[in-house]
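Just so we're aligned, residue 667 is where the sequence shown starts under my numbering, counting upward by one.
For each residue, glycine too, the CB sits at the ideal point set by N, CA and C.
To start, the structure itself, in structure tokens.
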Amino acid sequence: MTFPARFSNLPPYAFPRLRSLLSGLEPGGDVVDMTIGSPMHPFPRWILDILMEHADDFGGYPPNDGTPELRNAIADWASARYEISLDPDTQVFPLNGTREGLFNATLALCAETKNNQRPVILTPNPFYQVYAVAALAVDAEPIYVPATRETGFLPDYRSLSPEILNRVVAAYICSPSNPQGAVAGASYWIDLLDLAETYDFKIFADECYSEIYRDVAPLGALTAAGRAQADPERVVLFNSLSKRSNLAGLRSGFAASGPENIARMKSLRNYAGAPLPKPLQRAAEKVWADEAHVEANRQLYREKLDYADGLFAEIDGYVAPEAGFFLWLPVDDGEATAKQLWTERGVKVLPGSYLGREYDGKNPGQTYIRAALVAPINELQKGLTALKSCVYG
667 MTFPARFSNL
677 PPYAFPRLRS
687 LLSGLEPGGD
697 VVDMTIGSPM
707 HPFPRWILDI
717 LMEHADDFGG
727 YPPNDGTPEL
737 RNAIADWASA
747 RYEISLDPDT
757 QVFPLNGTRE
767 GLFNATLALC
777 AETKNNQRPV
787 ILTPNPFYQV
797 YAVAALAVDA
807 EPIYVPATRE
817 TGFLPDYRSL
827 SPEILNRVVA
837 AYICSPSNPQ
847 GAVAGASYWI
857 DLLDLAETYD
867 FKIFADECYS
877 EIYRDVAPLG
887 ALTAAGRAQA
897 DPERVVLFNS
907 LSKRSNLAGL
917 RSGFAASGPE
927 NIARMKSLRN
937 YAGAPLPKPL
947 QRAAEKVWAD
957 EAHVEANRQL
967 YREKLDYADG
977 LFAEIDGYVA
987 PEAGFFLWLP
997 VDDGEATAKQ
1007 LWTERGVKVL
1017 PGSYLGREYD
1027 GKNPGQTYIR
1037 AALVAPINEL
1047 QKGLTALKSC
1057 VYG
């Protein structure tokens, strides 16, 4: 099968690359897998009763725009979390996982040209690879802007030339960032909103890790936009239950934005999307409305983050993540370290370069590994201790 030429530059997916890297190599100890950020904490078990109660609804087509109750639950949660007011009918769009929205937003909202030139979509570097594929799907040029220690592990989009910025139709930003756990503060959001207004592009704010933090809830893009009285169409926010509630398999996410953006995304769904099955929507209604299980989940991650800080605090270049559940650990070479950890200790981590792309001849993830803090704490402590002794001595 031959793919369209624009996909010839498709970034290789991280996990098949890791399988190839470790193929044929035996683990050097009991396996501790810290590669994939798939939550392992308990999810709220009471949703099982809701699913059973509404199981007959699997026999019918689900509402394309989400049940009114789900839209209201999301709007209520977002209004409280982001200190804004959202119309559940025109500004909230339930998604079948945020990946659907992060990808389809480019199809629904990005122009085919900008100032009579090929459009540009900006992405942090390292990045969640759906950003790049979404850009290529609309034949935009993805530009991978380094998010390094020098830039606070967030991309400095203002550093780009006016020639590039004049072609930008959208900029992805992930806060808290994956993999570094950095949080965009008020000044960062205000500057990005100003840049987007100046050069007329949209901000796609991926905030899927927003509810896993230490002490202070990360400032959201919609909060910053509301305080700045920005055009509500300027920002599209994405969030989900996957990390917040350990319900990655439920596939309940949402997009929130201005009415025009949401109407265009809903229109695309009519032709090329799959709404969440209705029993799952009924469960999601209740999960978005409950915070007790979220705080319990957050506390488990706090304990893991505190343990990691105590273990790696003396390591040169270690930066404690502000939020999220990944460690972004400095090493000499990510691929070599991943092989060493696997063959000597049975610890599986992801080379940082697999999440990045070369920019000005350098991949900003080359000298890092990513370790996910999702395993039960006893297993995680074992893995992190082995990692430290193997890599740092």
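Just tell me which of the options has its CA closest to the CA of residue i.
i, options, result
"Leu934", "Phe769, Asp742, Glu980", "Phe769"
"Ala671", "Ala680, Leu802, Leu688", "Leu802"
"Gly767", "Ala883, Tyr865, Cys874", "Cys874"
"Gly1055", "Gly851, Asp1026, Glu1010", "It is worth fixing the name first, because residue 1055 is Ser in this sequence and not Gly. Measuring from the Cα of Ser1055, the nearest candidate turns out to be Glu1010."
"Tyr797", "Glu749, Asp742, Phe870", "Phe870"
"Glu719", "Pro945, Ala955, Thr864", "Pro945"
"Val1040", "Ala744, Leu1050, Gly1031", "Leu1050"
"Val834", "Ser843, Ala777, Gly886, Tyr794", "Ala777"
"Phe920", "Tyr973, Leu858, Ile750, Leu736", "Leu736"
"Ser908", "Arg683, Thr1033, Pro705", "Pro705"
"Arg900", "Gly939, Ile716, Tyr973, Leu859", "Leu859"
"Ala896", "Ser918, Ile750, Pro1017", "Ile750"
"Gly703", "Arg930, Leu885, Glu969, Tyr794", "Tyr794"
"Leu916", "Tyr1058, Leu717, Tyr679", "Leu717"
"Asp872", "Pro1042, Tyr984, Leu885", "Leu885"
"Gly990", "Ala800, Lys970, Thr779", "Lys970"
"Pro678", "Val985, Ser1019, Phe978, Ser918", "Ser1019"
"Ala680", "Ile1035, Pro1042, Pro808", "Ile1035"
"Asp715", "Ala950, Asp975, Val1057", "Ala950"
"Asn936", "Ser689, Leu761, Leu688, Ala746", "Leu761"
Report yes if the C-beta distance between residue i and residue j is below 8 Å; otherwise report no.
i, j, result
"Leu1065", "Pro812", "Residue 1065 is absent from the structure shown; the chain starts at 667 and stops at 1059."
"Ala1038", "Thr701", "yes"
"Ala922", "Leu888", "yes"
"Ile839", "Ala850", "yes"
"Gly924", "Gly694", "no"
"Tyr823", "Thr789", "no"
"Pro842", "Glu988", "yes"
"Val697", "Lys1048", "no"
"Asn738", "Pro941", "no"
"Phe867", "Ala891", "no"
"Val902", "Ala771", "yes"
"Ile787", "Ala806", "yes"
"Phe724", "Pro1017", "no"
"Arg910", "Val960", "yes"
"Asn832", "Asn781", "yes"
"Lys774", "Arg968", "Note that residue 774 is Ala in the sequence shown here, rather than Lys. The answer is no: Cβ separation not under 8 Å."
"Thr1033", "Asp982", "no"
"Gly1031", "Gly1059", "no"
"Phe759", "Lys1005", "no"
"Val799", "Leu676", "yes"
Check whether the Cβ of residue i sits closer than 7 Å to any heavy atom of the ligand GTP, and report yes or no.
i, result
"Val849", "Looking at this structure, you won't find the ligand GTP or any other ligand, since it has none at all."
Decide if residue i is buried, meaning its Cβ has at least 16 other Cβ atoms within 10 Å, or exposed.
i, result
"Asn791", "buried"
"Gln965", "exposed"
"Met667", "Note that Met667 scores 49 on pLDDT, short of 50, meaning its location in the model is unreliable and no value can be drawn from it."
"Asn1044", "exposed"
"Arg711", "exposed"
"Ala958", "exposed"
"Lys1014", "buried"
"Leu691", "exposed"
"Ser906", "buried"
"Leu1007", "buried"
"Arg1023", "buried"
"Lys1028", "exposed"
"Ser686", "exposed"
"Pro728", "buried"
"Gly763", "buried"
"Pro708", "exposed"
"Phe673", "exposed"
"Thr733", "buried"
"Arg948", "buried"
"Leu1053", "buried"
"Tyr748", "buried"
"Arg765", "buried"
"Leu1046", "buried"
Beta-carbon of residue i versus every beta-carbon of chain B: anything under 8 Å?
i, result
"Tyr879", "The structure shown contains no chain B; it is built from a single protein chain."
**OP:** Please confirm if the segment 975-995 is in contact with the segment 745-762, defined as three or more CB-CB distances below 8 Å between the two stretches.
**Re:** Segments in contact, no.
Original post:
Is the segment 848-864 in contact with the segment 817-825, if contact means three or more CB pairs nearer than 8 Å?
Top reply: They touch, by the three-pair rule.
Original post:
Between the segment 950-966 and the segment 877-888, do at least 3 Cβ pairs fall closer than 8 Å?
Top reply: Contact holds between the segment 950-966 and the segment 877-888, because three or more Cβ pairs, one in each stretch, are under 8 Å apart.
Original post:
Between the segment 733-745 and the segment 938-957, are three or more C-beta pairs nearer than 8 Å?
Top reply: These segments touch.
Subject >> Contiguous alpha helix (DSSP H) assignments of at least 4 residues, all confined to the segment 759-828 >> reply: For the segment 759-828, whole alpha helix (DSSP H) runs of length 4 or above, ordered along the chain, are 764-775, 796-803.
Subject >> Sequence ranges, beta strand (DSSP E) only - wholly within the segment 952-997, length at least 3 >> reply: If you keep only unbroken beta strand (DSSP E) runs of at least 3 residues inside the segment 952-997, you get 992-996.
Original post:
Residue ranges of each alpha helix (DSSP H) run of no fewer than 4 residues wholly in the segment 680-717, ordered along the chain?
Top reply: Listed in chain order, they are 680-688.
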